[in-house]
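In terms of this note's numbering, the sequence shown opens at residue 8 and continues consecutively.
Note that beta-carbon positions come from the ideal geometry of N, C-alpha and C, so glycine has one too.
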Amino acid sequence: MVLSRYRSLGRLKAAIKTNFPGVLDQLWEHYVSDSIVESVFGPPLFRKRAMLLYFSVLRPNYLPVYLLGKEDVSSLVIELHSSSLADFYRTYYASWTEDR
8 MVLSRYRSLG RLKAAIKTNF PGVLDQLWEH YVSDSIVESV FGPPLFRKRA MLLYFSVLRP
68 NYLPVYLLGK EDVSSLVIEL HSSSLADFYR TYYASWTEDR
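Take a look at the structure:
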């Protein structure tokens with residue numbers, strides 16, 4: 008999943024780093040890391056991008072409101088949230104959490 012949206016996630020990561028320094032680290036501290044999800048949806052090399060995908064698709068309401076106030080950040084979150092792969096991600100993630 009991360010690789011399929013690598014460029015969009017990279018633009019989102021860069022926009023957050025540029026406009027809100029330190030916020031990625033704060034999000035990372037609050038991110039509940041699920042090793043199964045990370046191993047399925049992206050290699051450990053892309054953990055921050057996997058985290059951004061998780062928040063953008065599954066938990067956009069957990070993103071700080073001030074992040075979504077910036078047009079470049081909010082447009083990327085909306086793009087990721089409404090993509091066709093996002094439906095697959097939500098379905099697959101739901102099936103993983105039900106099986107546990």
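Does the pairing of the region 88 to 97 with the region 24 to 31 give three or more beta-carbon distances under 8 Å? no
Going by C-alpha distance, which of LEU92, LEU83, ALA101 and TYR100 is nearest LEU59?
Ranking LEU92, LEU83, ALA101 and TYR100 by Cα distance to LEU59 puts LEU83 first.
Every unbroken beta strand (DSSP E) within the region 53 to 88, with a cutoff of 3 residues, ordered by chain = none
Can you tell me the Cα-Cα spacing of SER81 and ARG54, whole angstroms?
-> 21 Å
Considering SER90, what are the terminal residues of the alpha helix (DSSP H) in which it resides? That residue, SER90, is in no alpha helix (DSSP H); it is neither H nor E in DSSP.
- Query: Going straight from the alpha carbon of ARG18 to that of ASP79, what length do you get?
  - Reply: 9 Å
Can you round the beta-carbon distance between LEU70 and ARG12 to whole angstroms, since I take them to be within the 8 Å contact cut? No, LEU70 and ARG12 are not in contact; Cβ-Cβ is about 16 Å, not under 8 Å.
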